[in-house]
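Student: Residue numbers for the sequence shown follow this note's numbering, so the first one is 16 and each next one is one higher. Idealized CB from N, CA, C, for every residue including glycine.
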Amino acid sequence: MRVLVLGGDGFCGWPTSLHLSARGHDVIIIDNFARRAADLELGAESLTPIRSLPERVEAWRQCAGRRIPTLELDVARDYDGLEAAFRRLAPDAIIHFAEQRAAPYSMKSPRHKRYTVDNNVNASHAVLCAMVEACPDAHLVHLGTMGVYGYGKARGLRIPEGYVEATLHSGQAAARVEMLYPADPGSIYHMTKCLDQLLFAYYAKNDGLRITDLHQGIVWGTSTPETDLDERLINRFDYDGDYGTVLNRFLMQAAIGHPLTVHGVGGQTRAFIHIRDTVRCIELAALTPPGRGQRVRILNQMTECHRVRDLAALVSTMTGVPVQARDNPRREAAENDLDVENAGLLGLGLAPTRLSDGLMHEVMAVARRYAHRCNLERILCTSRWTRTPREHPAPGGRRAAAAE
Ligand code: USQ
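Below you can see the structure in the form of structure tokens.
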């Protein structure tokens, strides 16, 4: 396949580009380096010393003998450039990571909220619009999120892969419909992924675009077999309160002896996937496009569910580093259960990597190696979901520990 990776310099985009290239696909990276700009803005660089994109692709050429051309372009703002690139490069598949992906970052201020909506919605819409004009047969693979489903409702129901059957009642009449699972985002960032879903549904229906939306869980780990080949290929490791995701944060905190930062009572249950599985899932999805005119294919890209306090206890037992409950800066249910259908990707051949496979030690070893690069002041989450968190009960009918 000829594959364009939009956002190919980021945490998921870079290892995905290498994996696809290693598997023999012709990969081209498009990126505007917004993620590197956020590092500077936040004063917290990747814990691992990532190289510039030109250095990265040159290292890959030396290690693997394969070229990855790159193009600097702002997908959300340079529509003409994007359409011209699609026309010139004639991709079979477009992998779309070109969105602001951190929930805490999206909640920092009005500027961050508006940037996240403007960037993410415009980027997705520009991709769809340009595909209609320039490459209507290409397959769009979008990185969505498990967070579109929310964590409060429908207790006891296994979260399906995107769609539910429902009976709508209006007056005396009732109708059976198939619809997207009702969206219930927990942050401005997650809300943009809900908006993306409607854009995708419309363009699949109206223009027959072939689209797969991968509803991914929380990614943990940092390296893949390809990023391990040479230090210049190293992937990002985000540990800060904005971009660091929970398990990687706990592993990094343990590596430097920082108490593990559980938000509230840690009853939040979330879906997880290792970065090695992320890159495999993307190839599996890209190779199996839906037909033109079919509905958007939605796959839940996750391998296991865990409760935050159980993960903290696991890391604490492994390392002896204590857990320290913190006021929860988010507005989220203090406790939730989660059961997720993921038959789609398993059926395509995904063999899940589990927490028990020993890779947590590998993540901690990476964190220890680069611990000297950590900015200790950027570990705690400083974004708050509401101006007066103590005055609001948490959603889901339970009060967050912070409010008790
Ligand atoms: N949490 C803690 N302590 C911490 C950090 C987080 O208890 O130090 C808690 C949060 O309050 C939350 C849970 O851990 O309840 C997950 O937080 P997270 O930052 O690991 O994940 P999230 O904000 O949901 O976002 C991440 C990625 C996002 C992706 C999403 C998948 O940044 O791009 O879409 O995971 S999912 O969560 O399944 O929607």
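Determine the direct distance from the alpha carbon of Ala-340 to that of Arg-116, and round the result to whole angstroms.
Tutor: Translated into positions along the sequence shown, residue 116 becomes position 101. Translated into positions along the sequence shown, residue 340 becomes position 325. Spanning the two alpha carbons is a distance of roughly 25 Å.
Student: Is the beta carbon of Cys-78 within less than 7 Å of some heavy atom of the ligand USQ?
Tutor: Numbered from 1 along the sequence shown, position 63 holds the residue referred to as residue 78. Not under cutoff, so the answer is no.
Student: Taking 8 Å as the threshold (C-beta atoms), are Arg-225 and His-305 in contact?
Tutor: By one-based count along the sequence shown, residue 305 stands at place 290. By one-based count along the sequence shown, residue 225 stands at place 210. Strictly speaking, residue 305 in this sequence is Pro, with His absent from that position. Going by C-beta atoms, Pro-305 is nearer than 8 Å to Arg-225.
Student: In whole angstroms, what separates the C-alpha of Pro-30 from that of Gly-281?
Tutor: For the purposes of this step, residue 30 is taken as the residue at position 15 of the sequence shown. For the purposes of this step, residue 281 is taken as the residue at position 266 of the sequence shown. Taking the straight line joining both Cα atoms gives about 30 Å.
Student: Would you mind reading off the limits of the beta strand (DSSP E) that contains His-289?
Tutor: On the sequence shown, position 274 is the one that residue 289 refers to. 284 to 289 is the span of the beta strand (DSSP E), which, as asked, contains His-289.
Student: Per DSSP, which residues does Asp-228 bridge with? Please list them.
Tutor: Within the sequence shown, the letter at position 213 stands for residue 228. Asp-228 is bridged to His-157 and Ile-313.
Student: Give me, in chain order, the residues of the same chain whose beta-carbon lies closer than 6 Å to that of Arg-312; leave out the 5 immediate sequence neighbours on both sides.
Tutor: One-based indexing of the sequence shown puts residue 312 at position 297. Same-chain partners within the cutoff: Thr-227 and Pro-305.
Student: Within its chain, find whatever has a CB closer than 8 Å to the CB of Leu-395; leave out the 5 residues flanking it on each side and keep chain order.
Tutor: Working through the sequence shown from its first residue, we reach residue 395 at position 380. Only Gly-256, Thr-276 and Arg-341 meet the Cβ criterion.
Student: May I ask which residues mark the beginning and end of the beta strand (DSSP E) holding Met-16?
Tutor: Here residue 16 corresponds to residue number 1 of the sequence shown, with the count starting at 1. Neither: Met-16 is in no beta strand (DSSP E) and is coded neither H nor E.
Student: Whose C-beta lies closer than 6 Å to the C-beta of Asp-253 among residues of the same chain, with five residues either side of it excluded?
Tutor: The residue labelled residue 253 in the question sits at position 238 within the sequence shown. Closer than 6 Å at the Cβ level, and outside the excluded window around Asp-253, lie Gly-259.
Student: Taking 7 Å as the cut-off, does the CB of Asn-343 come closer than this to any heavy atom belonging to the ligand USQ?
Tutor: In the sequence shown, residue 343 corresponds to position 328, counting from 1. Indeed, a heavy atom of the ligand USQ lies less than 7 Å from the Cβ.
Student: Look at Ala-198 and Cys-209 and say whether their C-beta atoms are less than 8 Å apart.
Tutor: Stepping through the sequence shown from its first residue, residue 198 is reached at position 183. Stepping through the sequence shown from its first residue, residue 209 is reached at position 194. Yes. Within cutoff.
Student: Quick one: residues in its chain with C-beta nearer than 7 Å to the C-beta of Leu-360, no 5 flanking neighbours on either side, listed in chain order?
Tutor: As a first step, residue 360 must be located in the sequence shown, where it is residue number 345. Correct list, in chain order: Cys-296, Leu-299, Leu-314 and Gln-316.
Student: Could you tell me whether any non-hydrogen atom of the ligand USQ is closer than 7 Å to the CB of His-157?
Tutor: Indexing the sequence shown from 1 puts residue 157 at position 142. Incorrect: His-157 has no Cβ contact closer than 7 Å to the ligand USQ.
Student: Suppose you measure from the CA of His-437 to the CA of Ala-301; what does that come to, to the nearest Å?
Tutor: One cannot answer for residue 437 here, as it falls past the ends of the chain, which runs 16 to 419.
Student: Helix or strand or just coil, what does DSSP make of Ile-109?
Tutor: The residue given as residue 109 occupies position 94 in the sequence shown. Reduced to three states, the DSSP call for Ile-109 is strand.
Student: Closest to Ile-249 by C-alpha separation, out of Ile-65, Asp-41 and Ala-149, would be which residue?
Tutor: Your numbering for residue 249 matches position 234 in the sequence shown. Answer by Cα proximity: Ile-65.
Student: Would you decide whether Asn-390 is buried or exposed? Buried here means 16 or more other CB atoms lie within 10 Å of its CB.
Tutor: Along the sequence shown, one-based indexing puts residue 390 at 375. That one is exposed.
Student: Is it the case that the CB of Arg-116 approaches a heavy atom of the ligand USQ more closely than 7 Å?
Tutor: By 1-based counting over the sequence shown, the position of residue 116 is 101. At least one heavy atom of the ligand USQ is nearer than 7 Å to the Cβ of Arg-116, so yes.
Student: With distance defined between alpha-carbon atoms, name the residue in Arg-129, Ala-216 and Thr-85 nearest to Arg-307.
Tutor: Position 292 of the sequence shown, counting from 1, holds the residue named residue 307. Checking every option, the nearest Cα to that of Arg-307 belongs to Ala-216.
Student: Report the start-end ranges of each beta strand (DSSP E) in the region 88 to 156 that is 3 residues or longer and not cut off at the edges.
Tutor: Entirely contained in the region 88 to 156, the beta strand (DSSP E) runs reaching 3 residues are, in chain order, 108 to 111.
Student: Taking contact to mean 3 or more Cβ pairs, one atom from each stretch, closer than 8 Å, check whether the region 141 to 150 and the region 89 to 103 are in contact.
Tutor: The region 141 to 150 is in contact with the region 89 to 103.
Student: Going by alpha carbons, who is nearest to His-322 out of Asp-292, Thr-303, Asp-354 and Met-333?
Tutor: Your numbering for residue 322 matches position 307 in the sequence shown. In the sequence as displayed, the identity of residue 322 is Arg instead of His. Closest option to Arg-322, Cα to Cα, is Asp-354.
Student: For the alpha helix (DSSP H) that contains Leu-57, what are its first and last residues?
Tutor: As a first step, residue 57 is located in the sequence shown; it is residue number 42 there, counting from the start. Unbroken alpha helix (DSSP H) run through Leu-57: 49 to 57.
Student: Tell me which residues share the same chain as Ala-141 and place their Cβ nearer than 7 Å to its Cβ, disregarding the 5 neighbours each side in the sequence.
Tutor: Counting from 1 along the sequence shown, the entry for residue 141 is found at position 126. Within the same chain, Ala-141 has close Cβ partners Val-90, Ala-91, Tyr-94 and Leu-97.
Student: Is it the case that the Cβ atoms of Ile-318 and Pro-367 are separated by a distance below 8 Å?
Tutor: In the sequence shown, the residue the question calls residue 318 occupies position 303. In the sequence shown, the residue the question calls residue 367 occupies position 352. Here residue 318 is Thr; the residue named in the question, Ile, does not match the sequence. Contact: yes.
Student: Note down, in chain order, each residue of its chain lying with its Cβ closer than 7 Å to the Cβ of Val-72, except the 5 sequence neighbours on either side.
Tutor: Sequence index remark: in the sequence shown, residue 72 carries index 57 (1-based). Cβ within range, chain order: Ile-83 and Thr-85.
Student: Using the Cβ count rule (16 or more neighbours within 10 Å means buried), how would you classify Val-192?
Tutor: Along the sequence shown, read from residue 1 onward, the residue named residue 192 stands at position 177. Exposed.
Student: Given Arg-38, which residues of its chain have a CB within under 8 Å of its CB, disregarding the five upstream and five downstream residues?
Tutor: For this step, residue 38 is matched to residue 23 along the sequence shown. Around Arg-38: Glu-298.
Student: Can you find the residues in the same chain that come closer than 7 Å, C-beta to C-beta, to Leu-214, ignoring five residues on each side of it along the sequence?
Tutor: Walking along the sequence shown from the start, residue 214 turns up at place 199. Answer for Leu-214: Ser-139, His-140 and Leu-143, listed in chain order.
Student: Is Ser-124 closer than 8 Å to Thr-131 when the C-beta atoms are compared?
Tutor: Within the sequence shown, numbered from 1, the residue matching residue 131 stands at position 116. Within the sequence shown, numbered from 1, the residue matching residue 124 stands at position 109. Contact flag unset, no.
Student: Just the Cα atoms here: how many angstroms apart are Ala-415 and Ala-349?
Tutor: Residue 415 sits at position 400 when you count from the first residue of the sequence shown. Residue 349 sits at position 334 when you count from the first residue of the sequence shown. For Ala-415, the predicted structure reports a pLDDT of 37, less than 50, and the residue's modelled location is therefore unreliable. A value from the coordinates is still provided. Taking the straight line joining both Cα atoms gives about 5 Å.
Student: Could you tell me which residues DSSP puts in a beta bridge with Thr-182?
Tutor: For the purposes of this step, residue 182 is taken as the residue at position 167 of the sequence shown. Thr-182 pairs with Arg-191.
Student: State the Cα-Cα distance for the pair Ala-49 and Glu-356, rounded to the nearest angstrom.
Tutor: Position 34 of the sequence shown, counted from the start, is the residue given in the question as residue 49. Position 341 of the sequence shown, counted from the start, is the residue given in the question as residue 356. Cα to Cα, the separation comes out at about 33 Å.
Student: Report, in whole angstroms, the separation of the C-beta atoms of Ile-44 and Ser-32, which I expect to be a contact under 8 Å.
Tutor: Here residue 44 corresponds to residue number 29 of the sequence shown, with the count starting at 1. Here residue 32 corresponds to residue number 17 of the sequence shown, with the count starting at 1. Indeed they touch by this definition, with Cβ atoms about 6 Å apart.
Student: Which residue spans inside the region 312 to 363 form an unbroken beta strand (DSSP E) run of at least 3?
Tutor: Complete beta strand (DSSP E) runs here, min 3: 312 to 316, 319 to 322 and 338 to 341.
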